[in-house]
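Here the sequence shown is numbered in this note's numbering, starting from 1 and rising by one per residue.
Built from N, CA and C at the ideal position, the CB exists for glycine as well.
Remember, it's a predicted structure, so these values are computed and weren't measured experimentally.
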Amino acid sequence: MAERVGSEKIRREDGYLYFLGKDGAVWKTPMKNNPRGRKARVSEEKVKRQEGYLYFIDKSGYVARTKMNRKGRVARKRRR
1 MAERVGSEKI
11 RREDGYLYFL
21 GKDGAVWKTP
31 MKNNPRGRKA
41 RVSEEKVKRQ
51 EGYLYFIDKS
61 GYVARTKMNR
71 KGRVARKRRR
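See the structure below:
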């Protein structure tokens with residue numbers, strides 16, 4: 001079950017893919033069928049990420065997260 005993390009509602013437009021960027025803000029980028037679109041930041045709110053969670057925009061338009069299912073595998077540590 002997903003839990004809502006963000007409090008800002010995102011309005012979606014057709015022809016765009018929405019994702020949570022490295023900076024914690026929601027961004028939109030055009031799909032292949034939308035050649036005139038431009039990449040742009042959509043939200044003012046910044047979400048702090050935690051390791052082991054998958055972040056997405058839910059049906060209602062809010063940022064949500066759910067625990068990643070690793071199927072028994074252990075996550076590799078990232079090199080920094």
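Which of helix, strand or coil DSSP assigns to residue i
{"i": "Pro30", "result": "strand"}
{"i": "Arg4", "result": "strand"}
Residue environment, residue i, which counts as buried when at least 16 other CB atoms sit within 10 Å
{"i": "Gly52", "result": "exposed"}
{"i": "Arg65", "result": "buried"}
{"i": "Ser43", "result": "buried"}
Residue range of the beta strand (DSSP E) that includes residue i
{"i": "Lys67", "result": "Val63 to Lys67"}
{"i": "Ile57", "result": "Tyr53 to Ile57"}
Contacts around residue i, its chain only, beta-carbon distance under 7 angstroms, and the 5 residues preceding and following it disregarded
{"i": "Thr29", "result": "Tyr16, Leu17 and Lys39"}
{"i": "Leu20", "result": "Val26, Val47, Tyr55 and Val63"}
Identity of the residues DSSP links to residue i by a beta bridge
{"i": "Arg41", "result": "Trp27"}
{"i": "Arg36", "result": "For Arg36, which the question treats as bridged, DSSP gives no partner whatsoever."}
6 angstroms CB neighbourhood of residue i in its chain, flanking five on each side removed
{"i": "Asp14", "result": "none"}
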